[in-house]
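In mature numbering (1 follows the signal peptide of the UniProt record, and there is no 0), the protein residues as written are -28 to -1, 1 to 109. Think of the CB as a built atom: it goes at the ideal place given N, C-alpha and C, for glycine as much as any other residue. Notes for the one structure printed next.
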C-alpha cells in the first residue's frame, strides 16, 4: 500500500504567485545593475563596482548585514585606515568573502578600495595605487 500526498491546487498557485512577486521585486531592486561578460567584471569606477558587486552583501550605505552570514559594515570602519588591509581582502578573500579580486584588474581593485575608503563615513585620503594592488597579488 502506498501513501499518496495530494497538494491542493490553491497552495500550488499561491506558491507560484509568491515566487513571481519575489522575483519581480528582486529585479526591481537591481534596476541599475549591469552584467559583466566573461570571467572579469566590466565596471570601471569604484562606485559602479561597489554598486554591482559589494552592495549585495555590505548593503547600499555600507552598513553591513547579518542573516545567512555576517557581512561586516564598511561604514566608519577603522580597519580601512591601513590601505593594504582592504586590498588584501578584495584580492584574497577572508571567511565568507570570496576573492573577487581574481575577477578584477589592478585598476578595478584600486578603484573600489578607494571608493569604500572615501565613502560611508570613511575619510582615508591616501589613495591605493595600481602598483600597490599589483604588489599585493
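So for residue i, helix, strand or coil by DSSP?
{"i": "residue 104", "result": "helix"}
{"i": "residue 20", "result": "helix"}
{"i": "residue -11", "result": "Because the pLDDT at residue -11 is just 43, under 50, the model does not fix this residue reliably, and the value given afterwards should be weighed accordingly. Residue state, collapsed to three classes: helix."}
{"i": "residue 42", "result": "strand"}
{"i": "residue 31", "result": "coil"}
{"i": "residue 83", "result": "helix"}
{"i": "residue 76", "result": "coil"}
If residue i and residue j are in contact, beta carbons under 8 Å, what's the gap, nearest whole angstrom?
{"i": "residue 70", "j": "residue 63", "result": "Contact doesn't hold; Cβ gap of about 11 Å is too wide."}
{"i": "residue 52", "j": "residue 100", "result": "Incorrect: roughly 10 Å between the Cβ atoms, too far for contact."}
{"i": "residue 31", "j": "residue 40", "result": "Residue 31 to residue 40, Cβ: 14 Å. No contact."}
Specify, as a first and last residue, the run of the alpha helix (DSSP H) that residue i falls within.
{"i": "residue 56", "result": "56 to 64"}
Taking 8 Å as the cut-off, does the stretch 37 to 48 touch the stretch 92 to 101 (at least 3 CB pairs, one atom from each stretch)?
yes
Can you find at least 3 beta carbon pairs, one from the stretch 52 to 66 and one from the stretch 9 to 21, that sit closer than 8 Å?
A contact is defined here as three or more CB-CB pairs under 8 Å, and the stretch 52 to 66 fails this definition with respect to the stretch 9 to 21.
For the structure I just gave you, are there three or more beta carbon pairs, one from the stretch 70 to 87 and one from the stretch 98 to 109, closer than 8 Å?
yes
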